[in-house]
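Structure first, commentary second.
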Amino acid sequence: MKRLGHLNRDIARVLASMGHTDSLVIADCGLPIPPGVECIDLSLRLGVPEFPSVLDSILADFKAERALFAAECLEHSPAVEVLANDMAAHGVAVEYVPHEEFKRRCREAKAVIRTGECTPYANVILYSGVIF
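Residue numbering for the sequence shown follows UniProt numbering, beginning at 1 and increasing consecutively.
Shown next as structure tokens:
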């Protein structure tokens, strides 16, 4: 049995398959999943698991060089803005685009990890960096 990293076999598989600049979405429970993009559904009920704990878990096991958020989070979701600022403080380049553009960019992701989060605009696209 695995001792470290993600126990969820689908998350572990997707993270292991990521190459430089590939993208991975962590989404609230309302974000539409584009056709053809794998969905790893972690949602149990509204709010569980919450976006911040899933993001923290992924970032502990994944080298993100950049993160993309919906610009609307700046007005509607101060807690998401705090998470984005924390990522920027730790060397991740943070960008914002309109929510409609965000949803279009989700089509290019290797997978969407769906949380139970119900905070508006609690979504991020993480772009893979390199570990060397």
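Ideal placement from N, C-alpha and C gives every residue a C-beta, glycine not left out.
- Collapsing the DSSP output to three states places isoleucine 11 in a helix.
- Assignment of serine 17 by DSSP, reduced to helix, strand and coil, places it in the helix class.
- Three or more beta-carbon pairs drawn from the segment 34 to 47 and the segment 113 to 122 are found closer than 8 Å, and the two stretches are therefore classed as touching.
- The Cβ atoms of lysine 63 and serine 128 lie closer than 8 Å to each other.
- Taking C-alpha positions only, glutamate 65 is separated from leucine 55 by approximately 14 Å.
- For cysteine 39, the secondary structure class from DSSP, reduced to helix, strand or coil, is strand.
- Residues of the same chain with a CB within less than 6 Å of the CB of alanine 93, apart from the 5 flanking positions on each side, are Arg66 in chain order.
- Fewer than three Cβ pairs drawn from the segment 75 to 84 and the segment 3 to 10 lie within less than 8 Å of each other, which leaves the two stretches out of contact.
- Under the three-state reduction of DSSP output, serine 23 falls in the strand class.
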